[in-house]
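**Q**
Numbering (the numbering used here), first residue to last: 22 to 90.
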């Protein structure tokens with residue numbers, strides 16, 4: 022699995038474009054929050070949602086939270 026780090030003080034537009042493309046294609050991204058790392062994907066893409074459940078080992082009856090920005 023490829024790993025990229027984005028410097029929040031000087032984000033690389035090419036890396037951001039790669040991450041956006043990955044999300045559009047149903048991929049997942051990890052990102053830091055104030056307390057933990059989040060795992061993100063397109064909430065409207067059923068395959069991306071399935072991948073999040075699988076990556077987290079989360080049962081399908083335990084819903085995910087969708088953050089909208």
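Positions of the beta carbon are idealized from the N, C-alpha and C atoms, including for glycine.
1) What residue range does the beta strand (DSSP E) around residue 51 cover?
2) To the nearest angstrom, how far is it from the Cα of residue 23 to the Cα of residue 41?
3) Between which two residues does the alpha helix (DSSP H) harbouring residue 60 extend?
4) Nearest CA to the CA of residue 47: which residue from 39, 57, 55 and 68?
5) Identify the continuous alpha helix (DSSP H) that holds residue 66 and give its terminal residues.
**A** On the basis of the supplied data:
1) Indexing the chain shown from 1 puts residue 51 at position 30. Note, residue 51: beta strand (DSSP E), 50-53.
2) As a first step, residue 23 must be located in the chain shown, where it is residue number 2. As a first step, residue 41 must be located in the chain shown, where it is residue number 20. Approximately 14 Å between the Cα atoms of the pair.
3) Reading the chain shown from its first residue, position 39 is the one you call residue 60. Here residue 60 belongs to no alpha helix (DSSP H); instead the beta strand (DSSP E) covers 58-61.
4) Taking the chain shown and counting its residues from 1, the one referred to as residue 47 is at position 26. Answer by Cα proximity: 68.
5) The count along the chain shown starts at 1 and reaches residue 66 at position 45. Per DSSP, residue 66 belongs to no alpha helix (DSSP H) and is neither H nor E.
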